[in-house]
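FYI, my numbering numbers position 7 of the sequence shown as 1227, with every residue one higher than the one before it. A virtual CB, placed ideally from N, CA and C, is assigned to each residue, including glycine.
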Amino acid sequence: MMESTLQEKINAFIEHLDQEMDFVMITDRMDESLIILKEYLGWNMTDIVYLNRMVSSKPKVTMSEETKARILKYQVIDAQIFDHFNKTFELHLDRVGREKVASQVKEFEEMRESFENKCFNKDNTINGPYKSISWEISEYGRNTNVACTFLQTRDVILTNVITQLQLSQDYTIPIKGQETEPFLMRDIVSKIQRDYDNNEDLV
């Protein structure tokens, strides 16, 4: 029995992924991906909203053609998977309707920008982890709309919040030492944020 070639193995793996996943979102086309997902799941715009809370302060580096060629040579599997799902993404665009998606992306961007302007003081920035910068959260974001707090929370922190919610199956979770007056979710975010900033173990 002949051993499969690398290309045959790649093709088989891509076929397996195709069977396992109905829709693969593309990071470089996140807004379009979210609109398509919304249409498939029957969601509203508010179900997919996110905030551009953090932008890297590092300058973008232009990659040479030689570097691109070397990456494609040594990351051949990743490159083929990416190319394949880029093509299937175009099919999903056709299925939902390109004009419809484009129109909703514009509406979505305007909604996100409006929400960002409420949640953040864009004139003030603060230093974030990994040499990043982020906008300062506004008074409205701190005290009026808890969604601002959650949408600007770092992934590692929010993951811990969600874990605690899943374990307790409740939206008010007593923190040790505060059993008589449980914290709300926003208080949990603040506590875990402090723990994270103080390098305390989150696990």
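The three-state secondary structure of Asn1363, taken from DSSP, is helix.
For Ser1323, the enclosing alpha helix (DSSP H) covers residues 1318-1339.
Put simply, the backbone Cα of Gln1295 is about 12 Å away from that of Thr1287. Residue range 1250-1261 is occupied by the alpha helix (DSSP H) that includes Ile1256. Shown here, Lys1342 sits in a strand according to DSSP, grouped into three states.
A buried status is given to Ile1255, since no fewer than 16 other beta-carbon atoms sit within 10 Å of its beta-carbon. With three or more CB-CB distances shorter than 8 Å, the segment 1226-1235 counts as touching the segment 1298-1305. Taken atom to atom, the span from the alpha-carbon of Asp1343 to that of Ser1224 is near 58 Å. Apart from the 5 residues on each side of it in sequence, Gln1324 sits with its Cβ closer than 7 Å to the Cβ of Ile1255 in its chain, given in chain order. With 16 or more other CB atoms across the displayed protein chains lying within 10 angstroms of its CB, Leu1271 is buried. With respect to the 7 Å criterion, Met1331 and Met1245 are not classified as neighbours on the basis of their beta carbons.
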